[in-house]
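Each remark here refers to the structure printed beneath this line.
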Amino acid sequence: MICLFLTLFYNIKKRLFVTFGLVERFRILISNREAFSFLCIGVAMCLLFGVTLTLLTLKQGITAGHIYAVITYLWTFAISLDDAPRLVEELSKLKDIGKRVEV
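Numbering-wise, the sequence shown is residues 1 to 103 according to the UniProt record's numbering.
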């Protein structure tokens, strides 16, 4: 009787470790994907700021006020892009829920 109990306990424990190991791997993959998307957005914004500053400084008749206004606008745009990966994830969750609810 005790041997049967120990065998069942071992099998359940083994399955739990396999299941939670799989969940852990999925979470790591999702985290890596989100980190990569933040990296891509950051690199794109660095390039955008660099090109913008280069073009504005090389153009004649541009004052410091013009540069400040453009950089402020770009900064607010960049801050709004920080939420893009989360928005894409929430959109995919909504689509998944929509498929499950649909009969």
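Note that the Cβ used here is the ideal one computed from N, Cα and C, for glycine as well.
Since the model is a prediction, treat every value here as computed from it, not as a measurement.
Just to confirm before moving on: does the CB-CB distance between Ile67 and Leu53 stay below 9 Å?
Result yes, Cβ atoms of Ile67 and Leu53 sit closer than 9 Å.
Below 8 Å, how does it come out for the region 35-45 and the region 69-82: are there three or more Cβ pairs, yes or no?
Enough Cβ pairs lie closer than 8 Å, so yes.
Would you please state the rounded distance, in angstroms, between the beta carbons of Ile41 and Leu81? I believe it to be under 8 Å.
Right, the Cβ-Cβ distance comes to about 5 Å (below 8 Å), so this counts as a contact.
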